[in-house]
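The number in this note's numbering is simply the position in the sequence shown, starting from 1, with 47 added.
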Amino acid sequence: MRKNLRYLILLLILLFVVVNETLNKTRSTSWENPLWVRIYAVNGDGREATEKYIDSLKTDSFKTIEKFVNLEARRYGIKIDAIDVEYNGHLQSGPPQPPNGQSLLGNIWWSLKFRAWATHRAWNSDSDAGDIELFVSYYDITTTQSLRHSVGLQGGLIGIINAFADKSYRGSNEVVIAHEFMHTLGASDKYAPDNQPILPQGYAEPGRIPLFPQQKAELMGGRIPLSMQDSRMPDSLNQVVVGTYTAAEINWTAE
Ligand SMILES: [Zn+2]
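Here it is as structure tokens:
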């Protein structure tokens with residue numbers, strides 16, 4: 048009996064989340080007003096070097112993302128500034144990290160915890176809440192070689208980004224932040240399990256002759272294709288575009 052009740056409550060919560068997110072998705076991609084994107088920094092490893100790097104961050108540190116998204120939106124006929132990015136500062140504790148495994152239930156459970164954490168944080172905060180909130184967890188490059196994956200919750204309008212706390216990674220961190228931001232709006236990944244961008248939707252210039260090497264990456268394809276088997280990470284958003292498939296997913300269509 049009690050088990051059934053718990054099951055019913057969980058189902059109700061999930062139903063609420065699904066309905067809420069469908070509404071979010073419509074609202075967030077109407078492009079009638081600029082979306083407020085708010086970025087928060089978290090010290091992911093508690094190290095002093097990481098703290099120092101976070102102390103150097105300002106709103107200016109993230110303006111490249113705003114400029115990139117707004118320029119791309121204009122290319123697709125959006126007449127307003129699509130987004131407004133502000134840095135809302137350093138948080139003392141960060142969101143729950145996504146699970147490493149592929150378990151569906153584990154991921155659903157984590158995404159509910161992450162939503163609950165973000166809602167609770169916003170309630171207890173004086174700073175203006177954004178339409179979209181991105182939490183960037185930084186790690187010292189001298190002790191962290193590879194980062195856990197980053198996740199932008201589709202329809203949840205929140206994302207967690209794992210990033211390196213070093214100037215030399217600023218450009219690639221911005222690419223990851225922009226990628227996860229697009230996920231929150233409902234854009235899908237456009238690369239295969241081997242990380243190669245998928246042709247044509249994951250390519251910046253799928254009609255290019257010759258096709259290889261491509262000069263830029265498509266934001267959701269993630270990498271610059273050099274051949275059918277090889278690709279490389281873009282160094283910065285200067286080497287990235289939003290392709291037509293991604294633009295269609297987030298409703299960037301001229302009237
Ligand atoms: Zn992705």
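All C-beta atoms in this analysis are idealised placements derived from N, C-alpha and C, irrespective of residue type, glycine included. Nothing here was measured: the structure is a model prediction, and the numbers come from that model.
Judged by DSSP secondary structure, F182 falls within the beta strand (DSSP E) whose first and last residues are I179 to Y186. With a threshold of 16 other beta carbon atoms within 10 Å, Y54 falls short and is exposed. Residue pairing of G206 in beta bridges, as defined by DSSP: L181 and G199. Under the DSSP definition of a beta bridge, F211 partners with Y186. Here the alpha carbon of E79 sits roughly 31 angstroms from the alpha carbon of N209. Ranked by Cα distance from F259, the options P247, L266 and N71 are led by P247. Within its own chain, the residues whose Cβ lies closer than 6 angstroms to the Cβ of A169, once the five positions on either side in sequence are excluded, are A176, listed in chain order. Looking only at G141, L58, S75 and E119, the smallest Cα-Cα distance to A88 is reached by G141. R195 places its beta carbon less than 9 angstroms from that of Q144. Judged by DSSP secondary structure, R85 falls within the beta strand (DSSP E) whose first and last residues are L82 to N90. Between the alpha carbons of T231 and G203 lies a distance of about 6 angstroms. Those residues placing their Cβ nearer than 6 angstroms to any heavy atom of ligand 1 are, following chain order, H226, H230 and D236. Taking all protein chains shown into account, F109 has 16 or more neighbouring C-beta atoms within 10 Å of its C-beta and is therefore buried. No residue range can be given for G269, since it is assigned to no beta strand (DSSP E) and is classified by DSSP as neither H nor E.
Assigned with DSSP and collapsed to three states, S219 falls in helix.
With respect to T76, I224 sits apart: the two C-beta atoms are not nearer than 9 angstroms.
The residues Y134, in chain order, have a CB closer than 8 angstroms to that of K105 in the same chain once the five nearest residues on each side in sequence are set aside. Look at D107 here: in three-state DSSP terms it is helix. Boundaries around V66 are those of the alpha helix (DSSP H), R49 to S75, since no beta strand (DSSP E) includes it.
Nearest to S283 by C-alpha distance, out of I112, G93 and R94, is I112.
By the Cβ-count criterion, Q261 is buried, with 16 or more other Cβ atoms from all chains shown falling within 10 Å of its own Cβ. Judged by their CB atoms, M267 and Y238 are nearer to each other than the 9 angstroms cut-off.
In this structure, D128 sits away from V84, with a CB-CB distance that is not shorter than 9 angstroms.
Judged by pairs of C-beta atoms under 8 angstroms, the stretch 94-105 does not touch the stretch 57-73, as fewer than three such pairs exist.
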